[in-house]
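Residues in the sequence shown are numbered from -11 upward in steps of one, following my numbering.
A virtual CB, placed ideally from N, CA and C, is assigned to each residue, including glycine.
Structure record follows, encoded as structure tokens.
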Amino acid sequence: MKMFTIEQANATLPLVRAIVTDLVRLSREVTDRRQRVSFLLSGRQRNENDPYWQELAAIEVSLEDDASRLREYVDELRQLGIEPKSTVDGVVDFPAKLDGRDVYLCWKLGEPEVLHWHEVNGGFQGRHPLTAEAGTASDPFSSGDSAGF
């Protein structure tokens, strides 16, 4: 598994930001369309004579295509060594080392750079701000073998 320093994570952000922006936009569109289709289908029998049947069927095919595109965006992030955590909110984690243990550097769409980290099992709610020294030689994420904060 690729491990990132803060500098490496921030260096990938232009590409990650572009992918995550597309991922979030499409994810929200798919969620909205699924809800609308579900509402339109509730209490309605699938019937080829229904005037809206073909339109609903076309929307469902379109949703399947978009779901495939969402998987491609997620795969693209994973190929970079990044773990997508929320396709709706645009949260991704960069595997890193802190004091010899595995942690995640955490970034959310809209943040200017990687500003937080959390334990592997900590999740978004367990995020901690990076120290003021982040990105310097004293940064525990910069070399993977530093003493820590």
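(request) Taking Leu145 as the reference, give the member of Arg59, Ser26, Asp54, Tyr92 with the closest Cα. (result) Nothing about residue 145 can be reported from this structure: the residues present for the chain run from -11 to 137 only.
(request) Give me whichever residues DSSP pairs with Glu107 in a beta bridge. (result) Reading the sequence shown from its first residue, position 119 is the one you call residue 107. Bridge partners of Glu107: Val91.
(request) Kindly indicate the opening and closing residues of the alpha helix (DSSP H) around Phe27. (result) As a first step, residue 27 is located in the sequence shown; it is residue number 39 there, counting from the start. From DSSP, the alpha helix (DSSP H) with Phe27 extends over -6 to 29.
(request) With DSSP as the reference, label Glu52 as helix, strand or coil. (result) Here residue 52 refers to the residue found at position 64 when the sequence shown is read from its first residue. Here Glu52 sits in helix by DSSP.
(request) Identify whether Leu97 lies in helix, strand or coil by the three-state DSSP scheme. (result) Against the sequence shown, residue 97 aligns to sequence position 109. When DSSP states are grouped into helix, strand and coil, Leu97 belongs to the coil group.
(message) Please classify Glu121 as buried or exposed, where buried requires at least 16 other C-beta atoms within 10 Å of its C-beta.
(response) Translated into the one-based positions of the sequence shown, residue 121 becomes position 133. In this prediction, Glu121 has a pLDDT of 45, which is less than 50 and means its spatial position is unreliable; nothing more can be read from the coordinates.
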